[in-house]
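Protein chains in written order, with our numbering: chain A, 10 to 342; chain B, 10 to 342.
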């Protein structure tokens, strides 16, 4: 039970409920009575902690991420916190790890704190088995759930996504156009975003008349040296490939290091493309061509959508943002 | 006015005050009466938001950092959030940027939220001019202030520090012992930590009978390409140096890229040492020798100290942790 329920039941904006709670004169008697009646019906008691601050809500958003030290998520948290702050909201951060049990536990904890909404940052919160997402659907009955680069169909759930599938489709197509025929695909996880990226790669091969070779697709920990060693191991088995497309820049850095280790020239003998256009992309020589997944835009849009929800506006349940392919020196195009 | 004040005035632990608030039977009548009397004297009203959760406090710690997307601070936030969670505390995150005005604003905001303590992560919160730290001293009259890798002398302020000065002293001494005579020093900021690092470098030169040459000390933005370009520019002026000691791994990566760009061999013609032993250290070929600044240990210790404060124990006002020099391939030792 929170101010959001009152707003929804009364059919007025959160701002209006807040004005009623604060005794603002800028509310008609009719609206005031309606809101007070709904509060009474729902048994809603304004949160004294929040009211002590002169606010109708605790003006606090829960942010969940699997690991705030991951560079992509660290940037997400930064942009989300800054954006929410700009709208007068605090952020409670929860680093959940990857187990479903902990994700559920933290979501329940944030709900018990009566936060105004919860943002799930990163696509690892959406499971492939529908029942693994039930806890999110349940929470959404109580407060808005915002997904940053994840998608789940449901009432009161709002997704802002990078078009990962188109991004890898374009990247793989450009590799093929530049003469590559055996593109090795490295990925870190089967998250929603991870599946989209891989599908783009598969579609590009098919669309260009090339076979999808399962022996060129490998999962790898999100770690530079793991990726290097995986490729060195594959090289030792005699596997031949002329490009590496990676779902994360760290893996692409590992590919550059693999090439250095065995003396393959990049991009002449091996093309490499990373993902996220992080600062890792400029660590290597040559510097990485990488896909900019627009994390700042994803976060800004997420917050704009949330504010629209709070104000009772018509918020889009799904917004997609296009990625950019940033060309540097590990590709021939 | 918060539970901490009550605990201090009554001379009992936070846990005891909490038990009184929650009507626990495990408190003697004498203690219960004392705590209730102090609450009355102080005009303390238990926070209803917190009490609704069955807690005597809001069990929430404010974490301030200048920029959560900085890799060092991103790791700090991760370890702090996880550690606090383990003790049942939530974390409210504030990314303050570097202006004094905003730091003050966010500290006041967290105080108004009645958080139980505030952690200042990173050494940028401590100014060199004493008056710039007055707002921290003032806040410490109300609640514990924990500094992660910063130091400020004052009541109710607790510092956990990496011994940055000894770390750069050792690094520079090892460079000198391996034959380097012109060690260029790159640094990003004049923070508390930044000044310690530079002093260690200066002391090592003096201690080894080498002059401290101001023309070999440069400030540089914390950015790989800025560092590379700075060194290329210095090279063009004819400045000669046989080692680079950097206050951050990003600058050291820039030094490796500078060496690649002009064909200097590392470490034969140029030795390089970075700081933080971040994942950047393994991006380059050769991989970076770097100083491990023990961020996880700093955060764990900070939280242990805070819990000692909460429990009314004798918490150390200053704890120093030694760094480790991690040898990889950019040095001759």
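Cβ atoms here follow ideal geometry from the backbone N, Cα and C, with glycine treated the same way. Quantities reported herein were computed from a predicted structural model and do not represent experimental measurements.
Nearest neighbour of residue i, chosen from the options [CA to CA]
{"i": "residue 119/A", "options": "67/B, 76/B, 304/B", "result": "67/B"}
{"i": "residue 129/B", "options": "122/B, 246/B, 140/B, 112/B", "result": "112/B"}
{"i": "residue 240/B", "options": "192/B, 287/B, 144/B", "result": "192/B"}
{"i": "residue 187/B", "options": "336/B, 98/B, 148/B", "result": "336/B"}
{"i": "residue 257/A", "options": "36/A, 286/A, 98/A", "result": "286/A"}
{"i": "residue 174/B", "options": "277/B, 13/B, 204/B", "result": "204/B"}
{"i": "residue 139/A", "options": "158/A, 122/A, 163/A", "result": "163/A"}
{"i": "residue 73/B", "options": "144/B, 106/B, 13/B", "result": "106/B"}
{"i": "residue 331/B", "options": "172/B, 122/B, 22/B, 13/B", "result": "172/B"}
{"i": "residue 88/B", "options": "328/B, 248/B, 327/B, 303/B", "result": "303/B"}
{"i": "residue 25/B", "options": "319/B, 279/B, 104/B", "result": "319/B"}
{"i": "residue 248/B", "options": "259/B, 222/B, 230/B, 269/B", "result": "222/B"}
{"i": "residue 213/B", "options": "229/B, 158/B, 177/B", "result": "177/B"}
{"i": "residue 51/A", "options": "40/A, 18/A, 27/A", "result": "18/A"}
{"i": "residue 279/B", "options": "342/B, 104/B, 84/B", "result": "342/B"}
{"i": "residue 217/B", "options": "181/B, 292/B, 269/B, 328/B", "result": "181/B"}
is_contact[residue i, chain C] using C-beta, thresh 8 Å
{"i": "residue 171/B", "result": "Any reference to chain C falls outside this structure, whose protein chains are A and B."}
Buried versus exposed call for residue i [16 or more other C-beta atoms within 10 Å across all chains shown]
{"i": "residue 96/B", "result": "exposed"}
{"i": "residue 11/A", "result": "buried"}
{"i": "residue 80/B", "result": "buried"}
{"i": "residue 94/A", "result": "buried"}
{"i": "residue 150/A", "result": "exposed"}
{"i": "residue 264/A", "result": "buried"}
{"i": "residue 209/A", "result": "buried"}
{"i": "residue 255/A", "result": "buried"}
{"i": "residue 145/A", "result": "buried"}
{"i": "residue 323/B", "result": "exposed"}
{"i": "residue 142/A", "result": "buried"}
Cβ distance (whole Å) where residue i is taken to contact residue j below 8 Å
{"i": "residue 127/A", "j": "residue 166/A", "result": "Not a contact, Cβ separation roughly 10 Å."}
{"i": "residue 124/A", "j": "residue 69/A", "result": "5 Å"}
{"i": "residue 261/A", "j": "residue 283/A", "result": "3 Å"}
{"i": "residue 77/B", "j": "residue 321/B", "result": "That belief does not hold up - the Cβ atoms of residue 77/B and residue 321/B are roughly 32 Å apart, past 8 Å."}
{"i": "residue 82/B", "j": "residue 100/A", "result": "Their Cβ separation, rounded to whole angstroms, is 15 Å, which puts residue 82/B and residue 100/A out of contact at 8 Å."}
{"i": "residue 339/A", "j": "residue 276/A", "result": "5 Å"}
{"i": "residue 195/A", "j": "residue 252/A", "result": "With 8 Å as the limit, residue 195/A and residue 252/A do not qualify as a contact, their Cβ atoms being about 11 Å apart."}
Residue i versus residue j: straight-line alpha-carbon distance, rounded
{"i": "residue 183/B", "j": "residue 281/B", "result": "11 Å"}
{"i": "residue 29/B", "j": "residue 20/B", "result": "14 Å"}
{"i": "residue 290/B", "j": "residue 49/B", "result": "57 Å"}
{"i": "residue 232/A", "j": "residue 179/B", "result": "29 Å"}
{"i": "residue 299/B", "j": "residue 46/B", "result": "56 Å"}
{"i": "residue 301/B", "j": "residue 220/A", "result": "46 Å"}
{"i": "residue 224/A", "j": "residue 156/B", "result": "51 Å"}
{"i": "residue 311/A", "j": "residue 294/B", "result": "39 Å"}
{"i": "residue 43/A", "j": "residue 98/A", "result": "27 Å"}
{"i": "residue 132/A", "j": "residue 308/B", "result": "28 Å"}
{"i": "residue 305/A", "j": "residue 325/A", "result": "18 Å"}
{"i": "residue 315/A", "j": "residue 92/A", "result": "11 Å"}
{"i": "residue 86/A", "j": "residue 202/A", "result": "18 Å"}
{"i": "residue 36/B", "j": "residue 160/A", "result": "50 Å"}
{"i": "residue 238/A", "j": "residue 13/A", "result": "51 Å"}
{"i": "residue 296/B", "j": "residue 215/A", "result": "39 Å"}
{"i": "residue 137/A", "j": "residue 109/A", "result": "12 Å"}
{"i": "residue 189/B", "j": "residue 273/B", "result": "15 Å"}
{"i": "residue 199/A", "j": "residue 115/A", "result": "22 Å"}
{"i": "residue 158/B", "j": "residue 333/B", "result": "15 Å"}
{"i": "residue 104/B", "j": "residue 90/A", "result": "7 Å"}
DSSP three-state assignment for residue i, whether helix, strand or coil
{"i": "residue 67/A", "result": "coil"}
{"i": "residue 201/A", "result": "helix"}
{"i": "residue 167/B", "result": "strand"}
{"i": "residue 135/A", "result": "coil"}
{"i": "residue 340/A", "result": "coil"}
{"i": "residue 11/B", "result": "coil"}
{"i": "residue 196/A", "result": "strand"}
{"i": "residue 157/A", "result": "strand"}
{"i": "residue 253/B", "result": "strand"}
{"i": "residue 99/A", "result": "strand"}
{"i": "residue 222/B", "result": "coil"}
{"i": "residue 279/A", "result": "coil"}
{"i": "residue 150/A", "result": "coil"}
{"i": "residue 25/A", "result": "helix"}
{"i": "residue 328/A", "result": "strand"}
{"i": "residue 297/B", "result": "coil"}
Closer than 7 Å: residue i CB and nearest the ligand HEM heavy atom
{"i": "residue 320/A", "result": "No copy of the ligand HEM appears in this structure; indeed no ligand is present at all."}
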